[in-house]
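Q: Just add 898 to wherever you are in the sequence shown, counting from 1, and you've got my numbering. Ideal Cβ placement from N, Cα and C applies to all residues, glycine included. Fair warning: this is a prediction, and the values are worked out from it, not measured in the lab.
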Amino acid sequence: MIGAGIFVLPSIAAQQAGPASMISFFAGGIVSLLAALSLSELATGMPKAGGSYYYVNRALGPFFGSIVGWGMWAGLTFASAFYMIGFGQYLLPGLGQYIGFLAGWGQLGITVAALVMAALLTAVNYYGVKETGSLQNVIVLTLVGLIVAFLALGFISGPTIGEFNPEGWPAVAATIGTVYVTFIGFEVIATSAEEIKNPSRNLPLAMIASVVTPTLMYVGVMFVSTGTLSIDALATSEVPVADVATEFMGSLGALAMIVGAVLATVSSANASILSAARVNFAMGRDRILINWLNEVHERFRTPYRAITATGIITLVLIAIGVGIGTLAEVASFMYLVTYALVHVTVVVLRRANPEAYDPAFQIPSILYPVVPVVGMLACLAVLFQMSVEFVPAVVTLGPVEFALPVTPTPVGAIGTVLVAFGIGWYYLYARDRALSESLVGEAIAPEPTVVANGDDRYRVVVPVANPETEQDLLRMAAASAHAHEDENAEVIAVNVIEVPRQTSLSQDLEFEEERVERQQQLLDSARDIAADLDIGLRTRAIVGRNAGSVILDVIEEEHADHVLLGWQGTRSRREHVLGSTIDPVIGRAPCDATLVKLGTEGGRGEGDIMVLAGRGPHAPIAARRASEFVAAADDASLTLLNVQSPETDTDVESSPTERGEAVIEELAERAGIQYMSYETEVRVAEDTEQTILEAAAEYDTICVGATRSGAISQAVFGSLPETVGEEVDKTVVMARGPEESAMSVREALLRRLEV
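In structure tokens:
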């Protein structure tokens, strides 16, 4: 949303409508807000990749689906080219004021810079380079900070508005179409709806906020810009926001705005290319588009052909010299067509009320059907205003002349051709192939059966990924569940297929039969194992971006009491200590967490089991895990081991052995196993860690509680437990209780918003 529009369009808008262009931005925001409300209902009712195309195709059929699908793809492609031209303008004429060799390249230099960056972004998405969320957040917050500073200092400088509406209200209305490209970003939320957590709340909140916030910024930027520079100076500027900033922020402030514009245009273009590929996938899924475009790269796991096609068209639009204003208006035109049909879709689905349509968010009854009806009429009004100029025209066809009351515009002509192409494509290709009835079943596991009261069961979540360790992990989870049979316990086996951001979640399944089949085999095997263990089991097959985040979501949704994961037994001092999946789950799971490194056969939670006894807060959790394993195994023994220093405590007249026995007795009481049969062992040594490692080698399974304390620790469980897990060639079980951390500012704000 905060892309080339807010940095480039002030000059174009000011030229067309003068200071009254701020009314154009505000009206565009109102049109977008109506569309956002309708899209929020549709996206929570049918959260699938494809966004507006998907909803229109389901409700209105493949004829309109073809129009919207091609229209969205074209709109995103034109928008990407628009962003890249804006990038070139701020990179060369903008930074050229500060870096000599970037100056003086003219329009050719701007075009070359735009082509190079467009090609680079296409390659980034082709190869599936990960764009970190933290970097994206930094960019957005930086841009917001720059714009807020621009507005604050601009208002303080006392901008003076001359003639407010020199071009008349028709020009203001026409400018709505020009600037509307700045608002199409919220569509990305709908195209990614199936990946959003808690969509009933987050999706409409995100859409409304992403419209209202930029709208206020756009209006403010136009007020400051038209009140600081003359309309003529603003209209001829290639870097309007930077030129305005120079007046009251100085050259340093202008440089900051230029850097912000470069970041914004790149970020927006990247999002558009990514969304275009997802629309292509959705069309291919419905057989409106040839599936050839949707093939997933064997190595990079990305829809490389769709991304390449989008990139090539973007490059062509830049290379042939389509004006930046035309690029913006065509992108706006195609999205206004889309949103007009989106409003119709809401009404159709409300009246038809199909079984598959069950939106978590609905337009409030007091606003329905006002929102979709007014929204549709507003879109049509802007489209009409964009398509004609109110100047009489004469059309000559051979010897015959026709007088028209209005003159068609180039943008209206291009938009009409694109709509006609969508219609022609339907009749020539998609009509006999498209799936025109109901929703298409996809290879995604069904939602789990919901228990009437989610809090009356003891649930153990077990992520499974390796057939060789699956049985042992499920057996150990079953042991924990059997210890809570009075709570109607069950085990939930989870398998996650990870896909890159460039690929739709559904898309990867469709073209990854082998991985889907392997996932199904794992979960089928889990059911057989559970039947042998006599434990209730449910399975969840999920496709997601990050396995750790998905598992945390499952834990929250299932109100899990315990999560048990496998570990290979190696550590790293890089970004992740125990693994990219393990670290976030162990670090943030709000329940008991157990990490298991499996040793040799016959000693996996069986045989001689030892618990490292200490006074740490998680030692009782480890003791309870050990007691559960002993209760479920045949001929298993339990030993509580404590290591003491030979130094005598001057305040207490007791030997090291007596102190160790006291620690063991206290631990048994804290863990609630004091009535179980167990052995005790106290070892006295100077080197505690080495002694523990030597003792551990004498047992089949070692259970140790987490010792980590403090958020700045570089260990996940603690140095000692992880050392034992890494160095002992036995089964090692590391356990901790529910993770309780101080509420962050972000969490506090979200909780306040929920209230």
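Quick one: any contact between the stretch 1120 to 1127 and the stretch 911 to 925, if contact means 3 or more CB pairs under 8 Å?
A: Between the stretch 1120 to 1127 and the stretch 911 to 925, the count of C-beta pairs closer than 8 Å reaches three or more; the two stretches touch.
Q: Might you give, ordered along the chain, the residues of its own chain that have their beta carbon closer than 8 Å to the beta carbon of residue 1564, omitting 5 neighbours on each side?
A: 1513
Q: Rounded C-beta distance between residue 1270 and residue 1245? I'm assuming under 8 Å.
A: 5 Å
Q: Return the residue from the list 1529, 1505, 1486, 1301 that minimises the CA-CA distance to residue 1574.
A: 1529
Q: Just the C-alpha distance for residue 1061 and residue 1116, rounded to the nearest angstrom, thanks.
A: 20 Å
Q: Could you check what DSSP says for residue 1635 in three-state terms: helix, strand or coil?
A: coil
Q: Skipping 5 residues on each side, what residues in its chain have a beta carbon closer than 6 Å to that of residue 1082?
A: 1233
Q: Just to confirm before moving on: does the CB-CB distance between residue 899 and residue 1084 stay below 8 Å?
A: Cβ atoms of residue 899 and residue 1084: closer than 8 Å.
Q: Would residue 1583 pass as a contact of residue 1539 if the rule is Cβ separation under 8 Å?
A: no
Q: Which residues does DSSP pair with residue 1440 in a beta bridge?
A: DSSP lists 1394 as partners of residue 1440.
Q: Is residue 1034 buried or exposed, if buried means 16 or more other CB atoms sit within 10 Å of its CB?
A: Counting C-beta atoms within 10 angstroms of its own C-beta, residue 1034 has fewer than 16 neighbours from the protein chains shown and is therefore classed as exposed.
Q: Can you tell me the Cα-Cα spacing of residue 1185 and residue 1331, whole angstroms?
A: If you take the alpha carbons of residue 1185 and residue 1331, they lie about 6 Å apart.
Q: Going by DSSP, what residues sit across from residue 1628 in a beta bridge?
A: According to DSSP, residue 1628 bridges with nothing at all.
Q: With burial defined as no fewer than 16 other Cβ atoms inside 10 Å of the residue's Cβ, what is the status of residue 1273: buried or exposed?
A: With 16 or more other Cβ atoms inside 10 Å of its own Cβ, residue 1273 counts as buried.
Q: For residue 1152 and residue 1167, which I take to be in contact (beta-carbon distance under 8 Å), what is that distance rounded to the nearest angstrom?
A: Actually they do not touch by this definition, with Cβ atoms about 23 Å apart.
Q: Quick check: the Cα distance between residue 1088 and residue 1173, rounded to an integer number of angstroms?
A: 10 Å
Q: By the DSSP assignment, the beta strand (DSSP E) with residue 1301 in it spans what residues?
A: Counting along the chain, the beta strand (DSSP E) containing residue 1301 begins and ends at 1298 to 1302.
Q: Considering only the alpha carbon of each residue, which of 1391, 932, 1356, 1211 lies closest to residue 1265?
A: Proximity to residue 1265 across 1391, 932, 1356, 1211 peaks at 932, based on C-alpha coordinates.
Q: As a quick exercise: from 1626, 1599, 1567, 1603, pick the residue whose alpha carbon is nearest that of residue 1589.
A: 1626
Q: Using 10 angstroms around the beta-carbon of residue 1544, count the other beta-carbons present and answer buried if the total reaches 16, otherwise exposed.
A: An exposed status is given to residue 1544, since fewer than 16 other beta-carbon atoms sit within 10 Å of its beta-carbon.
Q: Please state the DSSP three-state secondary structure of residue 1186.
A: Residue state, collapsed to three classes: coil.
Q: Using a threshold of 8 Å, state whether the C-beta atoms of residue 1479 and residue 1442 are closer than that.
A: no
Q: Rounded to the nearest angstrom, what separates residue 1230 and residue 1249 at their Cα positions?
A: 29 Å
Q: Which residue wins for smallest C-alpha separation from residue 1382, given the options 1356, 1187, 1533?
A: 1356
Q: Rounded to a whole number of angstroms, what is the C-alpha to C-alpha distance between residue 1601 and residue 1585?
A: 20 Å
Q: Between which two residues does the beta strand (DSSP E) containing residue 1491 stretch?
A: 1490 to 1495
Q: Run through the DSSP bridge pairs and tell me what residue 1464 is partnered with.
A: 1494
Q: According to DSSP, is residue 1080 helix, strand or coil?
A: In the structure shown, the three-state DSSP call for residue 1080 is helix.
Q: With DSSP as the reference, label residue 955 as helix, strand or coil.
A: helix
Q: Between which two residues does the beta strand (DSSP E) containing residue 1361 stretch?
A: 1357 to 1361
Q: Output the residue ranges of the beta strand (DSSP E) runs that lie fully inside the stretch 1560 to 1598 and measure 3 residues or longer, sorted by chain position.
A: 1577 to 1582
Q: Pull the bridge partners of residue 1601 from the DSSP assignment, please.
A: 1509, 1631
Q: Reducing DSSP to helix, strand and coil, say where residue 1285 ends up.
A: helix
Q: Can you confirm whether the stretch 968 to 983 touches the stretch 1274 to 1290 when touching is taken to mean that 3 or more C-beta pairs between the two stretches lie within less than 8 Å?
A: no
Q: Let me confirm a value: residue 941 is counted as buried when at least 16 other C-beta atoms fall within 10 Å, else exposed. Which label applies?
A: Under this definition residue 941 is a buried residue.
Q: Rounded to a whole number of angstroms, what is the C-alpha to C-alpha distance between residue 1228 and residue 1320?
A: 15 Å
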